[in-house]
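> Before I ask anything, let me first share the structure, which is written out below as structure tokens.
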Amino acid sequence: MTAFIIRRLLQSLLVLGVMSLLVFVGVYAIGNPVDILINPQADQADIARAIAALGLDKPLWQQYLIFLKHALAGDLGKSFVYNVPALQLILERMPATLELALAATGMAVLLGIPLGLWAGLAPDSWPGKLIMTGSILGFSLPTFWVGVMLIMLFAVQLGWLPSGGRGPTTDLLGIPVSFLSWDGIRHLILPAANLALFELSLLIRMTRAGTREALLQDYVKFARAKGLSNARVIGVHVLKNILIPIVTVIGLEFGSVIAFAIVTESIFAWPGMGKLIIDSINVLDRPVIVAYLLIVVSLVILINLAVDIAYSLLDPRVRIGAATA
Amino acid sequence: MQREPTPFARIAADFAESRLALAGLALLTLILLVAVFAPLISPQNPYDLAQLDVLDSRLPPGSKSGTGLTFWLGSDGQGRDILSGIFYGLRISLGVGAASTLCALIIGLTMGLCAAYFGGRTDSLIMRLVDIQLSFPSILIALILLAILGQGVGKTTFALIAVQWAYYARTVRGTALIERGKEYIEAAACLALPPARIVLRHLLPNCLPPLMVIATVQVAAAITLEATLSYLGIGVPITEPSLGLLIKNGFDYMLSGQYWISFFPGVALVLTIVSINLVADQLRDVLNPRLQK
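The listed protein sequences correspond, in order, to chains A and B. Each position in the first sequence, counted from 1, maps to that position plus 19 in the working numbering. Each position in the second sequence, counted from 1, maps to that position plus 1375 in the working numbering.
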């Protein structure tokens, strides 16, 4: 077990190293940072001095090592636009993104599992078919288009909900959150629903397929033969057995939800780190781009690692499979 | 005596069994024709500045321009005909989607076949790379590449190829490993055929059916991702707008009630994606030997 965790940990570090190299070389080496960093009116001597001061005259591998040393100390450079440390900028925006991602995941779970159960128990009824058609649409329609349509319907035509922004926030343990005030919730509904759509469809399909499979198993037949109530058979025997893969997917999808928040935040002008990265790419604010990519990549790697370890604790077959592979 | 139908005739007959799939195929064909013949059938060349008039900007659907042209789907902020914009936008969207899928297919096929045929180190190296890549959300990979490379049709296509190849490599490897254990490959090896011939003439054709299904689904996924990236403003440039960029351009006007600039390109995008998915769905059933009667 410990060997599995150590091996998995080393693998994650390796991936993080490779990704940081890719991002660093890509963002700093392609294109000429001198053009952006240094005043175009500066003379040759000034430019040479600035290049030396920024360390751009060193070989690329040295620049990378210096960057890595600073990065490990939590220094990812200063934003060209805001003139504050890039890391601080990202961390300020992170609560908004996390709140949105958690709200979306919550919505997907609270709706997806019951709807999937319903569709799995009555696959040929019209609600069952309707749920499945809905989930196919949720899969195939572009998320950003659905977001645009949500704004058009609920904000522009009906005027029920705001079209964007985060609204007022309340401090919870020093972190600004939206969900504690009614106005904040109104701002949260549309973006969260938009971001939840894909995962919701995924959970409906998984729960439905799992339910249909579980209903044919001997343990369900036996539970029914014992005369247990329908609610108990479904709530305990079916649900408990299909929940392991579903919980795994919810965990793995969280990284995806954070990444796809880029799209939702841009549509709904949600002031999270996803909107920040798009704005930064447009103005070539390199330190912020690098900081965002490194933080999100680390988050995704961390989530994958946590899910893998949790899975190997729950299911011994994974450990054995990984050891022999 | 009746002749055995060719595999293609059998697949076509099975495919035609679903009316919904046929409708999807008809719609897709129409969309493809529109994209190919866009310069001939568009009422206006939306990128010829001489044909545009600022006085015609943001007219609602059905209004007439100063020159007598009717804007059936309205006009945008620069006085461009939305319908013509959609026709030209379809070319970019479908072109980028198809080109990236084809390239990713070829790369993934080669990598997957290499992994399955050589095994050992090659296999674990390629598959580890695939595993790592697939553990990241597709949009994050595309974002990293486009943040590095910048905007552009070619660059967007490249990012989409990089996102997609791993799916094919994994599928091809899986199928090829199963097929390699079968008797016809053993027979071919007993005939002392050269390895290249075994791989290309025997192994490859039998790996294609599952690959075709994934490729169809992936074209739709690629078009969606391209539209998303262009909507975010990091995909195709403003000079070659795809449907995603057209939707973005109309977004601000939509908030003031001028819905048509965003709405109709969106409808075109959704129809394209749904029609491809309908075809892909039926193709999956037709090409799945387990469902064969």
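Just so you know, even glycine gets a beta-carbon here, dropped at the ideal spot from N, CA and C.
1) Interface residues of chain B around A/K323 at Cβ under 7 Å?
2) Could you check the C-alpha separation between A/A278 and A/L303 for me, to the nearest Å?
3) Would you grab the beta carbon distance between B/G1487 and B/A1551 for me? Rounded to a whole angstrom, and I think it's under 8 Å.
4) Using 7 Å as the limit for Cβ to Cβ distance, is A/L312 near chain B?
5) Is the beta carbon of B/I1457 closer than 7 Å to that of A/V34?
6) Against chain B, does A/A127 count as a neighbour if the rule is that its beta carbon must be under 7 Å from one of theirs?
7) So that I know if they touch, is there some Cβ in chain B lying closer than 7 Å to that of A/G45?
8) Below 7 Å on C-beta distance, what does A/G274 contact in chain B?
9) Who does B/T1676 pair with in a DSSP beta bridge?
10) Express the C-alpha separation of A/A123 and A/L234 in angstroms, rounding to a whole number.
11) Under 7 Å between C-beta atoms, does A/A69 make it to chain B?
12) As a quick exercise: from B/L1644, B/L1630, B/E1615, pick the residue whose alpha carbon is nearest that of B/A1357.
13) Quick one, are the C-beta atoms of B/V1538 and B/I1516 less than 7 Å apart?
14) Tell me whether B/Y1559 is buried or exposed, calling it buried when 16 or more other Cβ atoms sit within 10 Å of its Cβ.
15) Within this structure, are the beta carbons of A/R243 and A/V252 separated by less than 7 Å?
16) Excluding the 5 residues preceding and the 5 following B/A1388 in the sequence, name in chain order all residues of the same chain whose CB lies nearer than 8 Å to its CB.
17) Apart from the five residues on each side of it in sequence, which residues of its chain come closer than 6 Å, Cβ to Cβ, to B/L1469?
18) Does the CB of B/I1609 have a neighbour CB from chain A at under 7 Å?
19) Count the CB pairs spanning the stretch 1593-1613 of chain B and the stretch 1510-1530 of chain B that are closer than 8 Å, and state whether there are at least three.
20) Using a Cβ-Cβ distance under 7 Å, would B/Y1628 count as near chain A?
21) Straight-line CA distance for B/T1404 to A/L313?
22) Quick one: what's A/K97 bridged to in DSSP?
23) For B/D1456, write down the residues that DSSP places opposite it in a beta bridge.
24) Am I right that B/Q1419 and B/S1459 are in contact with their C-beta atoms under 8 Å? What's the rounded C-beta distance?
25) Confirm, please, whether the CB-CB distance from A/A280 to A/G293 is below 7 Å.
26) Thinking A/L119 and A/T283 are a contact (beta carbons under 8 Å), I'd like their distance in whole angstroms, please.
27) Just to make sure I have the definition right: I need the residues of chain B whose C-beta is within less than 7 Å of the C-beta of A/A278. Which are they?
28) Can A/D76 and A/I70 be called in contact, C-beta distance under 7 Å?
29) Can you find a CB in chain A that lies within less than 7 Å of the CB of B/S1650?
30) For A/W145, would you say it is in contact with chain B, using Cβ-to-Cβ distances shorter than 7 Å as the test?
31) Which residue marks the beginning of the alpha helix (DSSP H) containing A/W145, and which one marks its end?
32) Rounded C-beta distance between B/G1464 and B/S1650? I'm assuming under 8 Å.
33) Verify the CB distance criterion: does B/K1668 have a CB-CB separation below 7 Å to chain A?
34) Can you tell which of B/G1632, B/S1631, B/G1641 has the C-alpha that lies nearest to the C-alpha of B/L1620?
35) Would you mind telling me which residues of chain B sit closer than 9 Å to A/N249, beta carbon to beta carbon, in chain order?
36) What residue from B/D1451, B/A1473, B/F1462 has the CA that sits closest to B/L1624's CA?
Looking at the coordinates:
1) Position 304 of the first sequence, counted from the first residue, corresponds to residue 323 of chain A. Checking the sequence shown, residue 323 of chain A turns out to be Asn, not Lys. Residues of chain B passing the Cβ test: S1510.
2) Counting from 1 along the first sequence, the entry for residue 278 of chain A is found at position 259. Counting from 1 along the first sequence, the entry for residue 303 of chain A is found at position 284. If I take the Cα positions, the gap works out to 20 Å.
3) The residue you call residue 1487 of chain B lines up with position 112 of the second sequence. The residue you call residue 1551 of chain B lines up with position 176 of the second sequence. The Cβ separation is near 6 Å, so the contact holds.
4) As a working mapping, residue 312 of chain A is identified with position 293 in the first sequence. It does; some Cβ of chain B falls within 7 Å.
5) To locate residue 34 of chain A, count along the first sequence from 1; it is residue 15. To locate residue 1457 of chain B, count along the second sequence from 1; it is residue 82. No, Cβ-Cβ distance for A/V34 and B/I1457 is not below 7 Å.
6) By 1-based counting over the first sequence, the position of residue 127 of chain A is 108. Not one chain B Cβ lies under 7 Å of A/A127.
7) For the purposes of this step, residue 45 of chain A is taken as residue 26 along the first sequence, with counting starting at 1. Chain B, which has a Cβ nearer than 7 Å to the Cβ of A/G45, makes this yes.
8) Indexing the first sequence from 1 puts residue 274 of chain A at position 255. Within chain B, the residues placing a beta-carbon under 7 Å from that of A/G274 are P1512, ordered along the chain.
9) Because residue 1676 of chain B is not part of the residues shown, which for chain B are 1376 to 1668, the question remains open.
10) If you number the first sequence from 1, residue 234 of chain A lands on position 215. If you number the first sequence from 1, residue 123 of chain A lands on position 104. In a straight line, the C-alpha of A/L234 is about 29 Å away from that of A/A123.
11) The residue labelled residue 69 of chain A in the question sits at position 50 within the first sequence. By this cut-off, A/A69 is not an interface position.
12) The first residue shown for chain B is 1376 and the last is 1668, placing residue 1357 of chain B beyond what the model contains.
13) Taking the second sequence and counting its residues from 1, one reaches residue 1538 of chain B at position 163. Taking the second sequence and counting its residues from 1, one reaches residue 1516 of chain B at position 141. In this structure, B/I1516 lies closer than 7 Å to B/V1538 by Cβ.
14) Sequence index remark: in the second sequence, residue 1559 of chain B carries index 184 (1-based). Around the CB of B/Y1559, fewer than 16 other CB atoms lie within 10 Å, so the residue is classed as exposed.
15) Locating residue 243 of chain A in the first sequence gives position 224, counting from the first residue. Locating residue 252 of chain A in the first sequence gives position 233, counting from the first residue. Yes, these two residues count as a Cβ contact at 7 Å.
16) Along the second sequence, one-based indexing puts residue 1388 of chain B at 13. Excluding positions up to five away in sequence, the list reads P1380.
17) Reading the second sequence from its first residue, position 94 is the one you call residue 1469 of chain B. A1410, listed in sequence order.
18) Numbered from its first residue, the second sequence carries residue 1609 of chain B at position 234. Cβ-Cβ to chain A under 7 Å: yes for B/I1609.
19) yes
20) Position 253 of the second sequence, counted from the start, is the residue given in the question as residue 1628 of chain B. No, because no Cβ of chain A sits closer than 7 Å to the Cβ of B/Y1628.
21) In the second sequence, residue 1404 of chain B corresponds to position 29, counting from 1. In the first sequence, residue 313 of chain A corresponds to position 294, counting from 1. Approximately 43 Å, taken between the alpha carbons.
22) The residue labelled residue 97 of chain A in the question sits at position 78 within the first sequence. Answer is A/P104, bridged to A/K97.
23) For the purposes of this step, residue 1456 of chain B is identified with residue 81 of the second sequence, where counting begins at 1. Note: B/D1456 sits in a beta bridge opposite B/S1450.
24) Looking up residue 1419 of chain B in the second sequence gives position 44. Looking up residue 1459 of chain B in the second sequence gives position 84. With 8 Å as the limit, B/Q1419 and B/S1459 qualify as a contact, their Cβ atoms being about 5 Å apart.
25) Translated into the one-based positions of the first sequence, residue 293 of chain A becomes position 274. Translated into the one-based positions of the first sequence, residue 280 of chain A becomes position 261. It is a contact, given that the beta carbons lie within the stated cut-off.
26) The residue labelled residue 119 of chain A in the question sits at position 100 within the first sequence. The residue labelled residue 283 of chain A in the question sits at position 264 within the first sequence. So it is a contact: roughly 7 Å between Cβ atoms.
27) Position 259 of the first sequence holds residue 278 of chain A. Going along chain B in sequence order, the residues near A/A278 (Cβ under 7 Å) are P1512, I1514, L1515.
28) The residue labelled residue 76 of chain A in the question sits at position 57 within the first sequence. The residue labelled residue 70 of chain A in the question sits at position 51 within the first sequence. Taking 7 Å as the Cβ cut-off, A/D76 and A/I70 qualify as a contacting pair.
29) Looking up residue 1650 of chain B in the second sequence gives position 275. Contacts with chain A at 7 Å (Cβ-Cβ) do not include B/S1650.
30) Stepping through the first sequence from its first residue, residue 145 of chain A is reached at position 126. So no, A/W145 is outside the interface.
31) On the first sequence, position 126 is the one that residue 145 of chain A refers to. Per DSSP, the continuous alpha helix (DSSP H) segment holding A/W145 begins and ends at 145-159.
32) Working through the second sequence from its first residue, we reach residue 1464 of chain B at position 89. Working through the second sequence from its first residue, we reach residue 1650 of chain B at position 275. About 16 Å; that fails the 8 Å criterion.
33) Along the second sequence, read from residue 1 onward, the residue named residue 1668 of chain B stands at position 293. Unreliable positioning characterises B/K1668 in this predicted model, as indicated by a pLDDT of 46, which lies under 50. A coordinate reading is not provided.
34) Here the question's residue 1620 of chain B lines up with position 245 in the second sequence. The shortest Cα separation from B/L1620 among B/G1632, B/S1631, B/G1641 belongs to B/G1641.
35) On the first sequence, residue 249 of chain A is found 230 positions in, with the first residue counted as 1. Near A/N249 there are no residues of chain B at all, since even the closest Cβ is about 32 Å away, more than 9 Å.
36) Here the question's residue 1624 of chain B lines up with position 249 in the second sequence. One point to set straight first is that residue 1624 of chain B is Asn, not Leu, in the sequence displayed. Cα-wise, what sits closest to B/N1624 is B/D1451.
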